[in-house]
Amino acid sequence: MELIDKLEILADAAKYDASCASSGAPKRSSEGKDGIGATNGMGICHSYTPDGRCVSLLKILLTNFCIYDCQYCVNRRTSNVPRARFTVDEVVKLTVDFYLRNYIDGLFLSSGIIQSADYTMEQLVAIARELREVHQFRGYIHLKTIPDADPALIDAAGRYADRLSVNIELPTQDSVQRLAPEKNVHTIKLAMGNIRLKLDEKEAEPKAPKFAPAGQSTQMIVGADASDDQRILTTAETLYGSYKLKRVYYSAFSPIPQSPKSVPLAPPPMLREHRLYQADFLLRSYGFQVNELLPTSGNLALDIDPKLAWALANREHFPMDLNRAEPAMIARIPGIGLRNAKRIVELRRMRQVRYADLARLKCSMKKIAPFIVTADYRPARDTTPSDALRRSMADVQQQQMPLWPELQAA
Amino acid sequence: MSIDGEPGDADETAAPVDAVALAIAGHPIPVESFGDFRTAARDLIVRRIPPESVQWSGTQHAGGDLLSAANTGLVPALPADLLDQPPAPPPRIPRALMEMLQGAACYRAPDRWGFLYKVLWRWQLGQQEILSMADEDGARLQHMVKAVRHEEHDMHAYLRFRERPPEAGDPRFVAWFEPAHDVLPQVAQHFARRMGKISWMIGTPDATVAWDGSTLHATGPLMRSAADVEDSGEALWLTYYRSIFNPARLNAGTMHGHIRSRFWKNLPEAAVVPHMVSQAAAGARKVGQLDTVGKRTGTTIPIAPEKAAPERQQPSSLDDCRRCDLWQNATQAVAGQGVHHAKIMLVGEQPGDQEDLAGKPFVGPAGALLDKAMDEAAMDRRKIYITNAVKHFKWEPRGKRRLHKTPAQKEVMACHYWLETELETVKPEVLVALGSTALKSILQSGSVTMKDHIGKPFRHEGRWVVVTYHPSYALRVPSAEARHEAVAAIVAALKLAQRLADGETPE
Chain A
1 MELIDKLEIL
11 ADAAKYDASC
21 ASSGAPKRSS
31 EGKDGIGATN
41 GMGICHSYTP
51 DGRCVSLLKI
61 LLTNFCIYDC
71 QYCVNRRTSN
81 VPRARFTVDE
91 VVKLTVDFYL
101 RNYIDGLFLS
111 SGIIQSADYT
121 MEQLVAIARE
131 LREVHQFRGY
141 IHLKTIPDAD
151 PALIDAAGRY
161 ADRLSVNIEL
171 PTQDSVQRLA
181 PEKNVHTIKL
191 AMGNIRLKLD
201 EKEAEPKAPK
211 FAPAGQSTQM
221 IVGADASDDQ
231 RILTTAETLY
241 GSYKLKRVYY
251 SAFSPIPQSP
261 KSVPLAPPPM
271 LREHRLYQAD
281 FLLRSYGFQV
291 NELLPTSGNL
301 ALDIDPKLAW
311 ALANREHFPM
321 DLNRAEPAMI
331 ARIPGIGLRN
341 AKRIVELRRM
351 RQVRYADLAR
361 LKCSMKKIAP
371 FIVTADYRPA
381 RDTTPSDALR
391 RSMADVQQQQ
401 MPLWPELQAA
Chain B
1 MSIDGEPGDA
11 DETAAPVDAV
21 ALAIAGHPIP
31 VESFGDFRTA
41 ARDLIVRRIP
51 PESVQWSGTQ
61 HAGGDLLSAA
71 NTGLVPALPA
81 DLLDQPPAPP
91 PRIPRALMEM
101 LQGAACYRAP
111 DRWGFLYKVL
121 WRWQLGQQEI
131 LSMADEDGAR
141 LQHMVKAVRH
151 EEHDMHAYLR
161 FRERPPEAGD
171 PRFVAWFEPA
181 HDVLPQVAQH
191 FARRMGKISW
201 MIGTPDATVA
211 WDGSTLHATG
221 PLMRSAADVE
231 DSGEALWLTY
241 YRSIFNPARL
251 NAGTMHGHIR
261 SRFWKNLPEA
271 AVVPHMVSQA
281 AAGARKVGQL
291 DTVGKRTGTT
301 IPIAPEKAAP
311 ERQQPSSLDD
321 CRRCDLWQNA
331 TQAVAGQGVH
341 HAKIMLVGEQ
351 PGDQEDLAGK
361 PFVGPAGALL
371 DKAMDEAAMD
381 RRKIYITNAV
391 KHFKWEPRGK
401 RRLHKTPAQK
411 EVMACHYWLE
421 TELETVKPEV
431 LVALGSTALK
441 SILQSGSVTM
451 KDHIGKPFRH
461 EGRWVVVTYH
471 PSYALRVPSA
481 EARHEAVAAI
491 VAALKLAQRL
501 ADGETPE
């Protein structure tokens, strides 16, 4: 099989993994050195495909042969897909060639399970080693970790890769047991715990050999089982706390060819995935907790974003006086982001904040109006019931939303 | 490293321009670079010449404002005694503002130097709000900085090199880009870091920059359009681009929102987008798989399910424990550790963050403190058994950390089964209860308190029980003195436990 045919099959097979960030690596430069590649810590998207997702890495599988039978996965052993396998040299060549033409920032390598977890992991590590040691490649490398692999192999992976990830796949242990019979939440958690211990050790001893400087991440498939958003976010919160993950990626289940009966025929609304990313962002960066966003079981609202939903359910905090409120609380006002919250606090050190200032800061005026008080403004709709406000503020565009607004903000 | 003719070098090489004299004479001040501007602006500010009395000129994109007020005869006259007055102290410009000015200087606008001078002037007047987005000039300044940064980012992202055949010699890679602002010098540095010793050239409508593997060379325009280079590598890229797209998630609006339309004409992948969109919209949306992949012959992997299952150690029954809900948020159950027939068993509360990850009791900070206390009490960790009353870590999220939470009595009771099993196998003669949870577990009572038992060993179910503080209590108490006392109490309890284990009886 020609290289181009393998690429077609093995990129197609890799596109269901949502992670794409190339940020968080330490600064590296090849100026005046042999080899190629640089990182500046920020990462960058080199293109976007018509599904709205960015291309920042060469995201491929080493092979889509797989002995596992995960029901949601197109590459499961019982699936009738064309199979292919790259050689180590082919992956290395593709990565270097694409990098030189400025198509990508690095490599995101995953694989079907062939022979055994250890054998598969050894192959992934071999590619990363070849890139780093033989080709002096200084671009970004993200390796998918096979949870059952020997910890010594995960150690080696961390020496070459910027980021490691272990996919939790589904939000509950029962779902994993049912839909991914060869996987096991216990070993997935142990692998994540092992990576976190290594990251902690490295942090405590800066001179130790490097280990996955861009940290670890994971992915959960949304809508392949019956778990609701509260379950999904609680699992995410647990994973963030336990394993210091940089990111949890949510991937709306995509129907696959010859779909088995155990998974749904239709995908969940894309908007649900988008709301989960918004909620996740509130957890990571705004200090929200899951039980604030979803106090009872159920899903996030689709018609309004989670921050607006929280504000409408917690009207006692509003209207909030921007000239007096706690900085952390200002960021909780719908329509004011972290950056604008900071700008408002900076501005009020110099003078009173006025209504027109907010328009200049490009706050979403429609959203913030009922929730704020400034030196020259009090909302007229202060006492309007929340459900009426909600109707007037619902997102009209309910079919499709931009899916990856803060995906690079790892 | 420097770029030949890089902005910033000009003020060292060109003859100095007397900006004040030009301003007095009503002539435009020539500016080729930010360095020129900085020198001129400093002289003008020192002489207190207001922005409305100065006109600036530059190269095509450097922003001369030849149509500004000056040429229409509206420049306010400068005071006649200007040069007789003592000069003002030179302005003190914070680094952040200087960096913003430098960034904004790359923004192509006819009045850019005049505007930047106005910003400096207002700063000099003490108007600090110039740094705020809420100020009109401040907003424009930030907009300029942001637009330049954005342009730089886009050029990093959307510039595409084509590879020339090796026999053509250097440069090996060639690219064409049409930046909207003067970002080529910075961007060239970016690619120099990225490409190592490999040579390349980037053409733009106004300038060209080339890297020979060690030095950057800048010249005027050399190329007129996209590099006319055949590159077979592009076919692989287009295949990748088509394959990584998921037709089931078609959302072209977002793509267009990210890549501004003016970049499309020079992006190789843009040519295949319309076909991808129309195919996805015409039915291929049902599944994520690429059409051409689906048409190939597929194959299942003939392997029996039991052969596919990875070899794993059988989980212990403790791993499978579902007596309470704590297993859900914990990594693993942490069993006790130690010699089989130890005379002394230490019982703590529950595993902590580190114990939960490592799967061993007392390895975190409390474990370190306990080790020290054992050293002091001459107790050998290898001769005792250490465990916890509760085997799963109970915690709640606090930001991105796990905050230890004391187990509830029902969880302690649920887990007592495991402590009981350990007591039956190890058969210790002395139990040391570290903290109140351990005591409650040993006595199977939620109402017992530490203070009734601390320092007073007692017999329970045929063995001695010694009660003392949990090591993490010693870590938490605020005063050094109280901490010292707590550690001393733990050491004393361990010593007592050893004496009891040796058959002594307490006085």
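Protein sequence lines, in the order shown, are assigned to chains A and B.
In terms of UniProt numbering, the first sequence opens at residue 1 and continues consecutively.
In terms of UniProt numbering, the second sequence opens at residue 1 and continues consecutively.
Just so you know, even glycine gets a beta-carbon here, dropped at the ideal spot from N, CA and C.
Legend entry - Where His217 of chain B falls: helix, strand or coil (DSSP): It is a strand residue.
Inset, instruction - Grab me the residues of Val477 of chain B's own chain with a C-beta within less than 8 angstroms of its C-beta, minus the 5 sequence neighbours each way, in chain order. - result: For Val477 of chain B, the CB contacts under 8 angstroms within the same chain, skipping 5 residues up- and downstream, are Arg483, Ala486 in chain order.
Inset, instruction - Mind checking the region 285-319 of chain A against chain B and listing, in chain order, the residues whose C-beta falls within less than 9 angstroms of any C-beta there? - result: Answer in chain order: Gly287, Gln289, Val290.
Inset, instruction - Taking Leu164 of chain A and Ala212 of chain A to be in contact with their CB atoms under 8 angstroms, please state how far apart those CB atoms are, rounded to whole angstroms. - result: Between Ala212 of chain A and Leu164 of chain A the Cβ distance is about 5 angstroms, and since that is below 8 angstroms, they are a contact.
Legend entry - DSSP beta-bridge partners of Ile221 of chain A: DSSP lists A:Ser251 as partners of Ile221 of chain A.
Inset, instruction - Just the C-alpha distance for Ala281 of chain B and Tyr250 of chain A, rounded to the nearest angstrom, thanks. - result: Approximately 24 angstroms, taken between the alpha carbons.
Inset, instruction - If I'm right that Leu239 of chain A touches Ile168 of chain A with Cβ under 8 angstroms, what's the distance once you round it to whole angstroms? - result: Rounded to whole angstroms, the Cβ separation of Leu239 of chain A and Ile168 of chain A is 7 angstroms, and the two are in contact under 8 angstroms.
Inset, instruction - Using the DSSP secondary-structure output, state which residues sit across from Arg401 of chain B in a beta bridge. - result: Beta-bridge partners of Arg401 of chain B (DSSP): B:Arg398.
Inset, instruction - For Lys286 of chain B, return the contacting residues in chain A, with the cut-off set at a CB-CB distance below 8 angstroms. - result: Neighbours of Lys286 of chain B on chain A, chain order: Pro255.
Inset, instruction - Kindly indicate the opening and closing residues of the beta strand (DSSP E) around Thr387 of chain B. - result: Counting along the chain, the beta strand (DSSP E) containing Thr387 of chain B begins and ends at 385-388.
Inset, instruction - Note down, in chain order, every chain B residue with its Cβ under 8 angstroms from the Cβ of Lys189 of chain A. - result: Residues of chain B with a Cβ closer than 8 angstroms to the Cβ of Lys189 of chain A are, in chain order, Thr331, Gln332.
Legend entry - Cβ of residue 411 of chain A within 7 angstroms of any chain B Cβ: Past the boundaries of the shown model lies residue 411 of chain A; chain A is included only from 1 to 410, so the question cannot be answered.
Inset, instruction - Could you pull the start and end residues of the beta strand (DSSP E) that Tyr158 of chain B belongs to? - result: For Tyr158 of chain B, there is no enclosing beta strand (DSSP E); the enclosing alpha helix (DSSP H) has its first and last residue at 136-158.
Legend entry - Members of the region 258-279 of chain B near chain A, C-beta cut-off 8 angstroms: Of all residues in the region 258-279 of chain B, those with a C-beta nearer than 8 angstroms to a C-beta of chain A are His258, Ile259, Leu267, Glu269, Val273, Met276, Val277, reading in chain order.
Legend entry - Short CB-CB distance (under 7 angstroms) between Gln314 of chain B and chain A: No, Gln314 of chain B does not count as interfacial toward chain A.
Inset, instruction - Check each candidate in B:Gly359, B:Ile93, B:Trp418 and name the one with the smallest Cα separation from Ile130 of chain B. - result: Comparing Cα-Cα distances from Ile130 of chain B to each of B:Gly359, B:Ile93, B:Trp418, the minimum goes to B:Ile93.
Inset, instruction - Indicate whether at least one CB of chain A lies closer than 7 angstroms to the CB of Val31 of chain B. - result: Chain A, which has no Cβ nearer than 7 angstroms to the Cβ of Val31 of chain B, makes this no.
Legend entry - Extent of the continuous beta strand (DSSP E) run through Thr468 of chain B: Its beta strand (DSSP E) spans residues 463-468.
Inset, instruction - May I have the straight-line CA-CA distance separating Asp356 of chain B from Asn194 of chain A, to the nearest angstrom? - result: About 11 angstroms.
Legend entry - N-terminal and C-terminal residue of the beta strand (DSSP E) that Ala175 of chain B is part of: In this chain, the beta strand (DSSP E) harbouring Ala175 of chain B covers 173-176.
Inset, instruction - For Gly237 of chain B, return the contacting residues in chain A, with the cut-off set at a CB-CB distance below 8 angstroms. - result: The amino acid at residue 237 of chain B is misidentified as Gly; the sequence shows Trp. Here the neighbours are Phe98, Arg101, Tyr103.
Inset, instruction - Quick one: give me the first and last residue of the alpha helix (DSSP H) that Ile442 of chain B is part of. - result: Per DSSP, Ile442 of chain B is one residue of the alpha helix (DSSP H) stretching across 436-443.
Legend entry - For Arg249 of chain B and Pro268 of chain A, the rounded distance between their alpha carbons: Each residue's Cα considered, the two are about 11 angstroms apart.
Inset, instruction - Using the DSSP secondary-structure output, state which residues sit across from Gln337 of chain B in a beta bridge. - result: In the DSSP assignment, the residues bridged to Gln337 of chain B are B:Ile386.
Inset, instruction - Pick helix, strand or coil for Met42 of chain A, following the three-state DSSP scheme. - result: In the structure shown, Met42 of chain A adopts coil according to DSSP, grouped into three states.
Inset, instruction - Would you tell me roughly how many angstroms separate the C-alpha atoms of Val491 of chain B and Lys210 of chain A, rounded to the nearest one? - result: Looking at the two C-alpha atoms, the distance is approximately 39 angstroms.
Inset, instruction - Check distances from the C-beta atoms of the region 288-304 of chain B to those of chain A and list, in chain order, the residues that come in under 7 angstroms. - result: From the region 288-304 of chain B, only Gly288, Gln289, Leu290, Thr292, Val293, Gly294, Arg296, Thr297, Gly298, Thr299, Thr300, Ile301, Ile303 have a Cβ closer than 7 angstroms to chain A.
Inset, instruction - Would you kindly work out how many angstroms separate the C-alpha atoms of Leu434 of chain B and Thr296 of chain A, rounded to a whole number? - result: Take the alpha-carbon of Leu434 of chain B and the one of Thr296 of chain A: they are about 37 angstroms apart.
Legend entry - Length of the line joining the Cα atoms of Ile333 of chain A and Pro370 of chain A: Spanning the two alpha carbons is a distance of roughly 10 angstroms.
Legend entry - Endpoints, the beta strand (DSSP E) within which Lys210 of chain A is located: From DSSP, Lys210 of chain A is part of no beta strand (DSSP E); its letter is neither H nor E.
Legend entry - For Pro151 of chain A, the first and last residue of its enclosing beta strand (DSSP E): Segment 151-160 is the alpha helix (DSSP H) holding Pro151 of chain A; no beta strand (DSSP E) there.
Legend entry - Backbone secondary structure at Tyr377 of chain A - three-state DSSP: Here Tyr377 of chain A sits in strand by DSSP.
Inset, instruction - Decide if Leu83 of chain B is buried, meaning its Cβ has at least 16 other Cβ atoms within 10 Å, or exposed. - result: By the neighbour-count rule (16 or more Cβ atoms within 10 Å), Leu83 of chain B is not buried but exposed.
Inset, instruction - Could you tell me whether any Cβ in chain B is nearer than 7 angstroms to the Cβ of Val81 of chain A? - result: Val81 of chain A counts as touching chain B.
Legend entry - Close Cβ partners of Pro402 of chain A (< 7 angstroms) along its chain, the five nearest in sequence each way excluded: In this prediction, Pro402 of chain A has a pLDDT of 46, which is less than 50 and means its spatial position is unreliable; nothing more can be read from the coordinates.
Legend entry - Enclosing alpha helix (DSSP H) for Ile188 of chain A [first to last residue]: In the DSSP annotation of this structure, the continuous segment of the alpha helix (DSSP H) that includes Ile188 of chain A starts and ends at 185-204.
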